[in-house]
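Numbering-wise (our numbering), the sequence shown opens with residue 199 and increments by one.
Where is the CB? At the ideal position from N, CA and C, for every residue including glycine.
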Amino acid sequence: MIGLLCLLAFTSLQAAEPAPRKAYLSLIIDDLGQNLPRDRRVLALPGPVTTAIMPDTPHAAEFAREAHRAGKIVILHMPMDPATGPFAWHPELPIEELEKRLNAAFKAVPYTSGINNHMGSRMTSQPQAMAWLMAELQRRHKFFVDSRTSAKTVAAAEAQKIGLASVSRDVFLDDERTEAAIGTQLQTAINLARKQGSAVVIGHPYPQTLAVLERELPRLKAQGIDWIDIKLMISVRSNKAMAGHGKDGVYR
Numbered sequence: 199m200i201g202l203l204c205l206l207a208f209t210s211l212q213a214a215e216p217a218p219r220k221a222y223l224s225l226i227i228d229d230l231g232q233n234l235p236r237d238r239r240v241l242a243l244p245g246p247v248t249t250a251i252m253p254d255t256p257h258a259a260e261f262a263r264e265a266h267r268a269g270k271i272v273i274l275h276m277p278m279d280p281a282t283g284p285f286a287w288h289p290e291l292p293i294e295e296l297e298k299r300l301n302a303a304f305k306a307v308p309y310t311s312g313i314n315n316h317m318g319s320r321m322t323s324q325p326q327a328m329a330w331l332m333a334e335l336q337r338r339h340k341f342f343v344d345s346r347t348s349a350k351t352v353a354a355a356e357a358q359k360i361g362l363a364s365v366s367r368d369v370f371l372d373d374e375r376t377e378a379a380i381g382t383q384l385q386t387a388i389n390l391a392r393k394q395g396s397a398v399v400i401g402h403p404y405p406q407t408l409a410v411l412e413r414e415l416p417r418l419k420a421q422g423i424d425w426i427d428i429k430l431m432i433s434v435r436s437n438k439a440m441a442g443h444g445k446d447g448v449y450r
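Here is the structure:
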């Protein structure tokens, strides 16, 4: 009788234990469109990588078509000050010129579902320009990913104000281009996903980055990490800021 009671109590405790918290990770690879053989390694990664393609690259349109055919999400990697070039946004430009450059950039990169900023530490701190951009993206039914290249960014906050589908980067993989450092950053992202439920990771098509990703991404599932595409990540986060980006879900 005592043994039966102990068994029932143990079973009850098991039933009361909460289910393990889901841990999601999304991966964006920036700076694509410059080198087709290299960039095709990104398409071969074993999961829903998001391809961020620069408009002022020689293979932008061709690679966007390849990525689309491969079932990958394509986003415009929009140059912003201090980036340079014919598409780059700068704080001193009028809205009319920003619109002209955005239109040209979207034309250069087909099949885009959204955009993220390339560089942009000066530009993403401009409330008027960012408010205009978010309204324009909403009109075009595209989402925004804040790469958070500056602590002064207001981009995600402006997106949140109007309910634009958006999300912010948590971890850069390859500020230091060694496999050891990149592996450490990937583990940082995994730990963060476990802690806060999700992590948005940005990397670049450097040989060291691709080597680490090719080796480690197939192991995510065994570590309890669900690799999801960026659209699903936006849904998971419901446009709310993570603790590192704001307070009580609101971007600061």
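Distance CB(residue i)-CB(residue j) smaller than 9 angstroms
i, j, result
"LEU331", "LEU296", "yes"
"PRO244", "ALA302", "no"
"GLY361", "PHE341", "no"
"LYS220", "GLY447", "no"
"THR322", "THR351", "yes"
"PRO460", "LYS270", "Any answer about residue 460 is impossible in this case: the structure gives the chain only from 199 up to 450."
"ALA354", "HIS316", "no"
"ALA262", "ASN314", "no"
"ALA242", "GLU412", "yes"
"THR407", "ILE428", "no"
"ALA179", "ASP279", "The structure shown does not extend to residue 179, since the chain spans only 199 to 450, so no value can be given for it."
"THR248", "LEU223", "no"
"ARG417", "VAL398", "no"
"LYS359", "ALA329", "yes"
Extent of the continuous alpha helix (DSSP H) to which residue i belongs
i, result
"VAL247", "Element bounds for VAL247: n/a, residue is neither H nor E."
"ALA378", "377-394"
"PHE261", "258-267"
"PRO405", "405-414"
"ALA354", "353-359"
"LEU234", "234-241"
Assigned exposure category for residue i - 16 Cβ within 10 Å defines buried
i, result
"GLY422", "exposed"
"GLY318", "buried"
"GLN326", "exposed"
"ILE227", "buried"
"SER364", "buried"
"PRO235", "exposed"
"PHE208", "Low confidence applies here, because PHE208 scores a pLDDT of 45, under 50, leaving its location unreliable; read the following figure in that light. It is exposed - the Cβ of PHE208 has fewer than 16 other Cβ atoms within 10 Å."
"PRO277", "buried"
"GLN385", "exposed"
"ALA349", "exposed"
"ILE293", "exposed"
"GLU356", "buried"
"LEU206", "Any reading at LEU206 needs caution, since the residue's pLDDT is 45, under 50, leaving its predicted position unreliable; the model's value is listed next. LEU206 comes out exposed."
"GLY443", "Here residue 443 is His; the residue named in the question, Gly, does not match the sequence. Looking at its Cβ environment, which holds 16 or more other Cβ atoms inside 10 Å, HIS443 is buried."
Per-residue DSSP class, three states only, for residue i
i, result
"SER323", "helix"
"VAL307", "coil"
"VAL434", "helix"
"ILE428", "helix"
"ALA213", "Low per-residue confidence applies at ALA213: pLDDT is 47, beneath 50, and the placement is therefore not dependable, though the value from the model is reported in the following sentence. Note: ALA213 maps to helix in three-state DSSP."
"ASN314", "strand"
"ASP344", "strand"
"VAL365", "strand"
One or two residues paired with residue i in a DSSP bridge
i, result
"ILE400", "ILE226, PHE370"
"GLY444", "TYR449"
"TRP330", "Bridge partners of TRP330: none, in fact."
Residue range of the beta strand (DSSP E) that includes residue i
i, result
"LEU274", "271-278"
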